[in-house]
Each structure stands twice: as C-alpha cells, then as structure tokens.
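Quick look at the structure:
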C-alpha cells in the first residue's frame with residue numbers, strides 16, 4: 002500500500018480498502034496504531050508495519066479483522082494498551098519482538114482468538130501483570146522466548162484459554178515469582194527451560 006517513509010498514521014479511514022488483501026506500511030513514521038485503525042478492512046490477509054518508530058498500540062487497534070495470515074509489527078513498542086487486539090480473530094502468525102514494555106497490562110490479549118502462533122520474544126516485558134493473558138482464546142502455539150522479565154505478578158493460563166502448546170524458554174527473570182502466582186492448566190504440551 003505505502004512504504005514511502007512519510008506516513009505518520011495509518012490512513013485507512015480516508016481510503017476505501019474493502020477489496021484490499023495486503024497492507025504494506027513498513028518504513029514509515031507511524032508512532033501509534035490507533036483504535037479501529039483497520040476498520041472496514043475486512044478482507045485483509047497480511048499487515049506489515051515493520052520498521053516504524055511505533056511506540057503504542059492502542060485499545061481496539063485491530064478490531065474487526067478476521068482471517069489475517071500474518072501481522073508483522075515493528076520493534077521498539079513501549080506500550081500495548083488493554084484490549085489492543087480485541088476483535089482480532091483467526092490469526093496465523095503474530096510476532097511481538099524487541100519491545101521495551103514497562104509491563105504486560107491486564108487484558109493485553111483479550112479478544113485475540115484462533116491464533117496459530119503468538120510469539121513474545123527478545124523483549125523487555127517488564128512486569129507480567131495479573132490478567133495479561135485473560136481472554137486470549139484458542140492458541141495453537143504460544144511462545145515466551147528470550148525475554149527480560151522484571152517480575153511475574155501473575156501468569157494464569159487455564160483450560161479456558163485453550164492453548165495447545167506453551168513454550169517458555171531462555172527468559173531472564175529478575176524476581177522470583179510468589180508461590181501460586183503461576184498457574185498453567187489445560188495445556189497439551191509445555192516446554193520450559195532456562
């Protein structure tokens with residue numbers, strides 16, 4: 002769509018995108034992904050936002066998207082608001098890497114459903130707050146790999162999340178979690194190592 006380097010926001014409100022299947026917005030100057038940024042883009046299969054100085058993903062940023070094969074986000078994200086992925090259904094590949102978060106807030110992933118691969122990797126995740134994964138449903142593979150984690154207030158993944166495989170590997174945890182703060186239930190396969 003546009004990777005000229007001059008866009009500062011996602012321009013879909015001004016452009017009819019009903020029959021567009023791929024949005025290429027890499028190499029621009031997009032600082033934030035605003036709520037409902039992709040409203041009306043019902044046939045989108047791929048979204049490329051790499052190489053933007055994006056700092057914030059706002060609430061409902063990806064609302065109403067379904068059947069997205071690939072969602073490529075930029076590195077350097079500093080804040081993911083609660084419900085940022087709300088309404089994003091049937092995602093093939095969502096990789097969040099090289100982020101610098103103060104925390105994973107409650108309901109960060111609420112409303113994100115039917116995901117083949119969700120990967121949080123090579124990031125400073127700050128504090129994993131209670132409820133960060135609340136409302137994340139039906140994930141084939143959830144990777145939490147090679148991150149710096151200051152503390153885990155709560156990591157509660159239950160059968161209600163319907164996560165088939167969970168891989169927690171190579172993370173550097175600065176503070177030992179309190180007893181009972183990590184609950185992992187209903188997972189078909191769990192892979193954990195330092």
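In the working numbering, the protein residues as written are 2 to 195.
All C-beta atoms, glycine included, are put in the ideal place defined by N, C-alpha and C.
As the structure is a computational prediction, the values presented were derived from the model and not from experiment.
Problem set entry | N- and C-terminal bounds of the beta strand (DSSP E) containing residue 192 | 190-194
Exercise. Name the DSSP beta bridge partners of residue 97, please?
Worked result: 121
Problem set entry | Proximity winner among 141, 101, 64, relative to residue 57 (alpha-carbon distances) | 101
For this session: Leaving out five residues on either side along the sequence, give the residues of the same chain with a beta carbon under 7 Å from the beta carbon of residue 136.
Result: 108, 110, 111, 112
Problem set entry | C-beta neighbour in chain E for residue 30, strict 8 Å | Chain labels in this structure do not include chain E; a single protein chain is all it has.
Problem set entry | Option nearest residue 160 by Cα separation, candidates 144, 167, 141, 188 | 188
Exercise. Would the beta-carbon of residue 120 fall within 8 Å of that of residue 148?
Worked result: no
Problem set entry | Alpha-carbon to alpha-carbon, residue 77 and residue 172 | 18 Å
Problem set entry | Rounded separation between residue 68 and residue 99 - CA only | 25 Å
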